[in-house]
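Colleague:
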Amino acid sequence: MPSELTLYNTLTRKKEVFQPLVEGHVGLYVCGPTVYNPVHLGNCRTFVSFDVIYRYLMAKGYKVRYVRNITDVGHLTDDGEDRMSRGARLEQLEPMEVAQKFSNQFHDMMRTFNALPPSIEPRATGHIIEQIEMVREILANGYAYEVNGSVYFDVEAYNNGNDERYGELSGRRIDELMAESRELKAQGEKRNPSDFAIWMNASDDHILRWDSPWGSGFPGWHLECSAMSTKYLGERFDIHGGGNDLKFPHHENEIAQNVGACQHAGARYWLHTNMLLMNGKKMSKSDGNTISPEELFTGDSIHVSEGYDPMVIRFFMLQSHYRSTLDLSDEALQAAKKGYQRLLEAWNSLQEMQASGSAQNGTVGKELTAGLEAAYAEMDDDFNTPKALARVFELVSRINALQGGQLSLDEITARQLTEFRDGLGKLLFDILGLQNRASANGADREALDKVMQIVLDLRQQARADKDWALSDKLRDALQDAGVTVKDGKDGATWSV
RNA sequence: GGUUGGGUGGCCGAGUGGCUAGGCAAAGGUCUGCAAAACCUUGUACGGCGGUUCGAAUCCGCUCCCAACCUCCA
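Mapping the first sequence onto the working numbering, position 15 (from 1) lands on 410, and the numbers just tick up by one.
1) Determine the burial state of residue 404: buried for a count of at least 16 other Cβ atoms within 10 Å of its Cβ, exposed for fewer.
2) In whole angstroms, what is the alpha-carbon distance linking residue 414 and residue 624?
3) Use the C-beta contact count for residue 524: other C-beta atoms within 10 angstroms, 16 or more gives buried, fewer gives exposed.
4) Shortest alpha-carbon distance to residue 850 belongs to which of 801, 483, 823, 878?
5) So residue 553 is in the alpha helix (DSSP H); what residue range does that whole segment cover?
6) If I follow the unbroken alpha helix (DSSP H) through residue 726, where does it start and stop?
7) Hey, would you say residue 450 sits closer than 8 Å to residue 760, going by beta carbons?
8) For residue 775, name the three-state secondary structure that DSSP assigns.
9) Between residue 502 and residue 564, which are expected to be in contact by the criterion C-beta below 8 Å, what is the C-beta distance as a whole number of angstroms?
10) Between which two residues does the beta strand (DSSP E) containing residue 632 stretch?
11) Within its chain, find whatever has a CB closer than 8 Å to the CB of residue 500; leave out the 5 residues flanking it on each side and keep chain order.
12) With residue 412 as the anchor, note down where its beta strand (DSSP E) starts and where it stops.
13) Give me the Cβ distance between residue 601 and residue 477, rounded to the nearest whole Å; I'm assuming they're in contact under 8 Å.
14) Are there any heavy atoms of the ligand GDP lying less than 7 Å away from the beta-carbon of residue 494, as far as the coordinates show?
15) Span of the alpha helix (DSSP H) holding residue 451?
16) Counting C-beta neighbours from all protein chains within 10 Å, is the total for residue 659 16 or more, i.e. buried, or is it exposed?
17) Since residue 484 is in the alpha helix (DSSP H), which residue starts that stretch and which ends it?
18) Give me whichever residues DSSP pairs with residue 673 in a beta bridge.
19) Quick one: grab the DSSP three-state call for residue 882.
20) Among 869, 699, 717, 425, whose alpha-carbon lies nearest the alpha-carbon of residue 515?
21) From the DSSP output, in three-state form, read off residue 850 for me.
22) Give every residue of the same chain whose Cβ lies closer than 8 Å to the Cβ of residue 779, excluding the five residues on either side of it in the sequence, and list them in chain order.
23) If residue 662 sits next to residue 635, beta carbons under 8 Å apart, how far is it from one beta carbon to the other, in whole angstroms?
24) If you draw a straight line from the alpha carbon of residue 823 to that of residue 706, how long is it in whole angstroms?
25) List the residues that DSSP assigns as beta-bridge partners of residue 402.
26) So, at 8 Å on beta carbons, what are the nonlocal neighbours of residue 532 in its own chain, with the 5 sequence-adjacent residues on each side left out?
27) Any idea what DSSP makes of residue 698, helix, strand or coil?
28) Comparing C-alpha positions only, which one of 763, 787, 770 sits nearest to residue 804?
29) Checking 8 Å against the spacing of the C-beta atoms, do residue 744 and residue 807 come in under that value?
30) Ends of the alpha helix (DSSP H) at residue 914?
31) Would DSSP call residue 893 helix, strand or coil?
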């Protein structure tokens, strides 16, 4: 593919041409979920966005190592209790049982959304040794200090006179940050409010704990990603991604830790996905403004009028750009559902299409080829899925016109048709990761096909006899059963 | 208060100086036994006020409003 991939780098706040560190290879790290709660829809949007990015990089011919962690330790509640432990206490389970349960659930959900699994999915608890080692290095380099068995990152030492160094990603300056509002007992141990823990001393009742050179404790909240990205992608790697809400402090601290340990930053390109909103506000675990994926699938929620297929939701997400907020509403989902159906129906009729064999100049074929190239070019522009889909829908009209006879199949050569079909299929299913559900049911589908053919033949006979009462009755009854009949030029087609 | 990003036609959502985004909805037409589908046509949309420019949704200034982050969160 001749065109260049550009992407928006949060670090520089502009679009840059993507140049991998090692030609032909991409190291991609994405901050994964915490697993003390069921996954919620906002996470799904982020991971669907990065799924498309991962898929597109592969389609560009890159060999991609995609690392996405599972956070199963280190996040504290307001009263200092580890969230894993809290979940375990509330459900009377082992902490690792909680982690496993929600990891499994998360994986199921990713499959439901047709998101590919990452190449490596490391767990924070599986990398305590690496994290301890990193703390050691940061200490050795003079960017941290130990107090009472805890180790804090020393932001002042890190800045070393350059007060814009810490905060370069998020545009923050430490003297502008709000004062720490939480009353953690550890606050008093810090030299500066903006210092953050990279190793914490465990109190006696803390369940998740490991031995370290500084006593029994657990790793800081942001250290795992620094340690694991370094381990699996190297001290320098290409792309680091995550949700916008992780920009500060999580990613800012990651950069500081990487520099603290390795004397230089890790990722070269930072990509941030924007929030999924509902009612104009962020969907949030904490304030109840949320709808779970399951509720969205079943329709069991005051926010939706019916259940939506996961692919409709995926399509809905792809109709906005990953860096924009997306406002979820029933009306918008209805629009997505209908649009997605129209897209699939056009795809399905394209599969039935035969080149006429008497094609001359292939005018329409050239149009289709150009439109498809335009769609791919949009993906090169910072993974612009909404624009790519806009180009695809222009092609949908062409396909339907060929199907409906408004355009002639004489204007497309067999070769053009084949290449177009392959290229469009690759874009829709391999890159955008959509699924053609209607044709995915195997034997059941085959049986239904045959039954429907019988019914449609009967109806066609009734129509030939001008028995409108019978033909309409068949059509209405099928509609009630959820099958839509469409009369075309060459007989009727149907869809569920 | 600070930081970052927004306010686009009935709804969702692209778009960063001039050329139709796209989807859904709506109106008219073609087709059809009727309908649906499909195709064709139709929208003087860019928060407000100034400014720069031959020309601004797009650049600049002011202003109003919204969201996220600054506390676990994709």
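All C-beta atoms in this analysis are idealised placements derived from N, C-alpha and C, irrespective of residue type, glycine included.
Modeller: With the structure as the only source:
1) If you draw a 10 Å sphere on the C-beta of residue 404, you find 16 or more other C-beta atoms in it, and that means buried.
2) Roughly 19 Å between the two C-alpha positions.
3) Result: exposed.
4) 878 is the residue among 801, 483, 823, 878 whose C-alpha sits nearest the C-alpha of residue 850.
5) Segment 550-554, the alpha helix (DSSP H) holding residue 553.
6) It spans 725-747 - the alpha helix (DSSP H) in which residue 726 sits, taken as one unbroken run.
7) No. Outside cutoff.
8) Residue 775: helix per DSSP, three-state reduction.
9) Not confirmed; about 30 Å, so no contact.
10) Per DSSP, residue 632 is one residue of the beta strand (DSSP E) stretching across 632-638.
11) Counting only Cβ-Cβ distances below 8 Å, and skipping sequence neighbours, we find 433, 434.
12) Start and end: 409-412.
13) Separation of the CB atoms of residue 601 and residue 477 is rounded to 7 Å, and the pair is thereby assigned contact status at 8 Å.
14) No copy of the ligand GDP appears in this structure; indeed no ligand is present at all.
15) Unbroken alpha helix (DSSP H) run through residue 451: 436-454.
16) When all chains shown are included, residue 659 counts as exposed.
17) 478-486 is the span of the alpha helix (DSSP H), which, as asked, contains residue 484.
18) Answer is 676, 723, bridged to residue 673.
19) The answer is strand: DSSP assigns residue 882 an E or B state.
20) The residue among 869, 699, 717, 425 with its C-alpha nearest the C-alpha of residue 515 is 425.
21) When secondary structure is reduced to three states using DSSP, residue 850 falls in the helix class.
22) If we look at residue 779 and ignore the five residues flanking it on each side, its Cβ neighbours are 716, 773.
23) Indeed they touch by this definition, with Cβ atoms about 3 Å apart.
24) If you take the alpha carbons of residue 823 and residue 706, they lie about 12 Å apart.
25) Checking the DSSP bridge columns, you'll see residue 402 partnered with 411.
26) Shown here for residue 532: same chain residues with a beta carbon closer than 8 Å to its own, the five before and five after excluded, namely 655, 656, 657 in chain order.
27) Correct three-state label for residue 698: coil.
28) Checked all of 763, 787, 770; the closest Cα to residue 804 is 763.
29) Taking 8 Å as the cut-off, the beta carbon of residue 744 is found no closer than this to the beta carbon of residue 807.
30) Here the chain has residues from 396 to 891 only, and residue 914 is not among them.
31) Residue 893 is absent from the model: the chain starts at 396 and stops at 891.
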